[in-house]
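S.K.: So for the sequence shown, the numbering used here puts the first residue at 198; every next one is plus one.
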Amino acid sequence: MSEARTARVYNQRHVPRKYTPAGRRVSVYVSWSYPAEAGRNAAELDNRFSTMTEVRRVAWPAYEDPKWSDPYRFQQTIAGSLELFFWAWVPFQDFVAEVTGHSVPVYQRIDQAGFHTPLDERVLDDTDVLFVFGLDHMVTGQEAQPGEIEALRAFLAREDARLVLGPHHDVGASDDLSVREVEYRHHGDPLVPRQQRFATYVRDLMMGLGVPVINRYGLRPATGEDNRIAPLSTVRDLDEKGWLNGVTNFNFHMHLPHYAVTPDEHQAVHVLARQPIDTSRPHPFTDEGNTEFNMFLWMPPGGDRAADVLLADSTIFSTLFGADDSLRNFWRNLVS
């Protein structure tokens, strides 16, 4: 991939992209309020992102280069760890731009400067493939409004449209503190608190659009040789559009959500890929006899909805957790 040759800019409005039959226009919508997330009290134990100082301590010495550790160059608060997300999305944006011929804007529900961008025609009119990354902590109250759901419903009426929903994990939902401790010991990430519940916004979208799925838990994937994530268990017969062509695995992340399908709605949603779980670490989900969790789901067009709806966790599109040819094949399949 060629290295970017242009300078970075900030604080300008998006210039709408013109439709081209050869390349889809891809947009990313991050459901958080940046000020709400960055402004969380670091003295609170739960439901917040780590500070950059905490990241450096746990990942030492990975972030000891001055470009990360110098407080005059990089924020050491929660805001710093939020900026790591943006760094890690750039390779995905660059890859998609090369595949499609279009730049990839990243919108935030509320950005660093406090600008509120609801999911409306300003985002959707020049978008063919929309990724919604559900990274809002529930405590920040990012509720989808009726107008946003209506705008998405109109978007999904387009045959050329595609929606990829990525609600993140829901760790520690139980009121029982001992259960929260079991969940924490299972995933083993000291940067994740005993309770970290995400994705009110995407849950609202799913409810409003009739997507019968809910994000549950934060499960640790099984690993194989060289500590690589175990291959996916795929259902190729149901993959009519080839979403998983050339895909054997995603990237390793210590706590991934199980996308549970409402029991009476299994015909509406195809579970195309499941991820084997690290069963050496107890968890309420594996105690029920489960050895895999739902990782990638597809809702084919139906009724008034002409577009495909897909579910895949936002970490799959972040190079914070690695990227290989299998993952890039998946990216290409979703945007082609």
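Even for Gly, the Cβ is constructed at its ideal location relative to N, Cα and C.
Between which two residues does the alpha helix (DSSP H) carrying D288 extend?
M.R.: Rather than Asp, the amino acid found at residue 288 in this sequence is Pro. Unbroken alpha helix (DSSP H) run through P288: 275-297.
S.K.: Is the beta carbon of L453 closer than 8 Å to that of V252?
M.R.: No, they are not a contact pair.
S.K.: Give me the Cβ distance between A520 and P473, rounded to the nearest whole Å; I'm assuming they're in contact under 8 Å.
M.R.: Incorrect: roughly 20 Å between the Cβ atoms, too far for contact.
S.K.: Let me know the secondary structure DSSP gives V399 once reduced to three states.
M.R.: Helix, per DSSP.
S.K.: Give every residue of the same chain whose Cβ lies closer than 7 Å to the Cβ of R202, excluding the five residues on either side of it in the sequence, and list them in chain order.
M.R.: Result list for R202: empty, nothing under 7 Å.
S.K.: Got a sec, what are the start and stop residues for the alpha helix (DSSP H) F196 sits in?
M.R.: With the chain covering only 198 through 533, there is no way to say anything about residue 196.
S.K.: Is the beta carbon of R555 sitting closer than 8 Å to the one on R245?
M.R.: Because the chain spans 198 through 533 in this model, residue 555 falls outside it and cannot be assessed.
S.K.: Relative to the alpha-carbon of P213, which residue among E345, N526, D325, I426 has its alpha-carbon at the smallest distance?
M.R.: Here the closest residue by C-alpha is D325.
S.K.: I'd like the list of long-range same chain contacts for E347, defined as Cβ closer than 6 Å, with 5 residues on each side in sequence excluded.
M.R.: No residues qualify anywhere along the chain.
S.K.: From the DSSP output, in three-state form, read off L507 for me.
M.R.: Correct three-state label for L507: strand.
S.K.: What's the C-alpha gap between W257 and L281?
M.R.: If I take the Cα positions, the gap works out to 15 Å.
S.K.: Can the beta-carbon of V444 be found less than 8 Å from the beta-carbon of F527?
M.R.: Yes, the pair counts as a contact, with Cβ atoms nearer than the cut-off.
S.K.: Tell me the rounded alpha-carbon separation between R221 and V293.
M.R.: Each residue's Cα considered, the two are about 9 Å apart.
S.K.: Can you tell me which of the three DSSP states T314 falls into?
M.R.: Three-state result, T314: coil.
S.K.: Quick check on this structure: which residue in V225, A341, L279 has the alpha carbon closest to the alpha carbon of T250?
M.R.: Of the candidates V225, A341, L279, the one whose C-alpha sits nearest the C-alpha of T250 is L279.
S.K.: Assuming D367 contacts S228 (C-beta within less than 8 Å), just tell me the rounded distance between them.
M.R.: That belief does not hold up - the Cβ atoms of D367 and S228 are roughly 14 Å apart, past 8 Å.
S.K.: Could you tell me whether any Cβ in chain C is nearer than 8 Å to the Cβ of R359?
M.R.: Absence of chain C from the displayed structure is noted, only one protein chain being present.
S.K.: Could you tell me whether the Cβ atoms of I426 and F395 are closer together than 8 Å?
M.R.: For I426 and F395, no; Cβs fall outside 8 Å.
S.K.: Taking all protein chains shown into account, decide if R205 is buried (16 or more other Cβ within 10 angstroms of its Cβ) or exposed.
M.R.: Its Cβ having fewer than 16 others within 10 Å, R205 is exposed.
S.K.: Taking contact to mean 3 or more Cβ pairs, one atom from each stretch, closer than 8 Å, check whether the region 369-379 and the region 297-314 are in contact.
M.R.: In short, these stretches do not touch, since the Cβ pair count stays below three.
S.K.: Quick one: grab the DSSP three-state call for S199.
M.R.: Bear in mind that the predicted position of S199 carries a pLDDT of just 47, short of 50, making it too unreliable to give a figure here.
S.K.: Please state whether the Cβ-Cβ distance between D505 and R359 is less than 8 Å.
M.R.: Their beta carbons are under 8 Å apart, which means D505 touches R359 by this criterion.
S.K.: Does the distance from the C-beta atom of V225 to that of F330 stay below 8 Å?
M.R.: Yes, the pair counts as a contact, with Cβ atoms nearer than the cut-off.
S.K.: To the nearest angstrom, report how far apart S511 and F283 are at their CA atoms.
M.R.: Looking at the two C-alpha atoms, the distance is approximately 12 Å.
S.K.: Would you report the Cα separation of L441 and F289, rounded to the nearest angstrom?
M.R.: Rounded to whole angstroms, L441 to F289 spans 17 Å at the Cα level.
S.K.: So within the region 454-518, which uninterrupted beta strand (DSSP E) runs reach at least 3 residues, ignoring any that extend past its ends?
M.R.: Fully enclosed beta strand (DSSP E) runs of 3 or longer: 467-473, 489-496, 505-509.
S.K.: Of all the options H383, D373, A233, R355, which has the alpha carbon lying nearest to the alpha carbon of M451?
M.R.: Considering only alpha carbons, the answer is H383.
S.K.: Considering Cα atoms alone, identify which of V379, A465, Y398 is closest to Q392.
M.R.: It is V379.
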